[in-house]
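Novice: Take this structure first; my questions come after.
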Amino acid sequence: MGVENFSDKGTPTIILNLTKKKGQKFDSKGEEGKLIGFNFALQSYRIVVPSGRIIESKHVKFLRNPDLLPTTASDCDQLLEFQPPTQSSNSEDDLEIENQLAQEIPPPPVNTGVLRDRLQLKQPIRYGFHHYYKSNMFESAIWCNDLKYWRQAIEKGVNSIESHNVWENYEE
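In terms of the UniProt record's numbering, the sequence shown has 140 at position 140, counting the first letter as 1, and numbering is strictly consecutive.
Spelled out as structure tokens, the structure:
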């Protein structure tokens, strides 16, 4: 089946070029064409390009169809002079149908959410910040409630070092 059998009255489109190779700054980002169909199996659009080639792609941007836009001032006036249809004698039937629909549709749920005071919100646990950790320094041990136990542990450590003669200097 040739391209000449397809109608040339499709929606103007641009097929986006999504190749992975790195291009130049001014290379084309897409190719113009006209929509001629949709492939349901591949979930892609069929586009005919000016060279006659048919491309199937999911990456398509649709352009405005210039044929559908009003071109003259009289066309714009005709669009603005649109008259809504007049009310007919079926207004009672319409009201009855609207009442039935209103009864069938349940009312939307009422939002009963209560905002909390920001002071009541629990602060998040942050593990990445050193100032949230308890200090393991000498000063924090000396000024805590277990001061006498810390002093005993420090004295025991110093006595152990002195008893093993670690502080003597050996010059050889």
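Think of the CB as a built atom: it goes at the ideal place given N, C-alpha and C, for glycine as much as any other residue.
1. Which first and last residues belong to the alpha helix (DSSP H) in which Val158 is found?
2. Measure the alpha-carbon distance for Gly52 versus Ile97 and round it to whole angstroms.
3. Could you give the residue range of the beta strand (DSSP E) that holds Arg46?
4. Contact defined as beta carbons within less than 8 Å: I believe Thr13 pairs with Gly33. What is the distance between those atoms, to the nearest angstrom?
5. Residues in its own chain within less than 6 Å of Gln152 by CB, not counting five upstream and five downstream?
6. Which residues share a DSSP beta bridge with Val114?
7. Taking only three categories from DSSP, how would you classify Leu95?
8. Taking the beta strand (DSSP E) that Pro107 falls in, what are its first and last residues?
9. Do you know how far the Cα of Leu95 is from the Cα of Ser57?
10. The beta strand (DSSP E) that contains Pro124, what's its start and end?
11. So, with DSSP's three-state summary, where would you put Leu16?
12. Skipping 5 residues on each side, what residues in its chain have a beta carbon closer than 7 Å to that of Glu162?
Specialist: On the basis of the data shown:
1. Note, Val158: alpha helix (DSSP H), Leu147 to Ser163.
2. Rounded to whole angstroms, the separation of the alpha carbons of Ile97 and Gly52 is 54 Å.
3. Per DSSP, Arg46 belongs to the beta strand (DSSP E) from Ser44 to Val48.
4. Distance from Thr13 to Gly33 at the Cβ level is roughly 6 Å; contact confirmed, criterion being Cβ atoms closer than 8 Å.
5. If we look at Gln152 and ignore the five residues flanking it on each side, it has no Cβ neighbours.
6. Paired residues: none, contrary to the question.
7. Of the three classes helix, strand and coil, the one that applies to Leu95 here is helix, per DSSP.
8. Element bounds for Pro107: n/a, residue is neither H nor E.
9. Approximately 49 Å between the Cα atoms of the pair.
10. Boundaries cannot be given for Pro124, as no beta strand (DSSP E) includes it and DSSP labels it neither H nor E.
11. Here Leu16 carries a strand assignment [DSSP, helix/strand/coil].
12. Excluding sequence neighbours, Glu162 sits near nothing in its chain.
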